[in-house]
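Take a look at the structure below.
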Amino acid sequence: MNQLNHRIPKKVTKAPSGAAVSSMPLHEVAIPLNKSVTAEYMANHAYRECKRSLMIARQNRLNGDHEDVAFFLNDAAEFRRIYQAFTVAVDVMGGL
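Below, the structure written as structure tokens:
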């Protein structure tokens, strides 16, 4: 079994009823950070999503869709910010 699957947190905090997690500011999302493995998982997820958004932005640029390029570049920047915040959390907690 993939080593990453062993580190996926079992408990996830739910967003308020009717709220889309992606539209919530990071400081309003309650994420259990009592273990650095949770923060590391979230950092890795944000990193992958950032790269994915950049890839989609590149493809849209090649297709000439400048509105979507701006959207996905903005999306990538937000995932990069989240990645950095969780990376700092891992460092503060002393790593794995």
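Numbering (the numbering used here), first residue to last: 52 to 147. Glycine included, C-beta positions come from ideal geometry on N, C-alpha and C. Predicted model only: the values in this text are computed from it and were never measured.
The stretch 125-138 and the stretch 99-112 touch, with three or more beta-carbon pairs separated by less than 8 Å.
An exposed status is given to Val139, since fewer than 16 other beta-carbon atoms sit within 10 Å of its beta-carbon. With fewer than 16 neighbouring CB atoms inside 10 Å of its own CB, Ala121 falls in the exposed class. Counting other Cβ atoms within 10 Å of its Cβ, Glu118 stays below 16 and is therefore classed as exposed. Residues of the same chain with a CB within less than 7 Å of the CB of Met144, apart from the 5 flanking positions on each side, are Ser87 and Ala90 in chain order. The beta carbons of Asn114 and Phe123 sit no closer together than 9 Å. Taking a contact as a CB-CB distance under 8 Å, the pair Ala108 and Tyr134 does not count as one, their CB atoms being some 16 Å apart.
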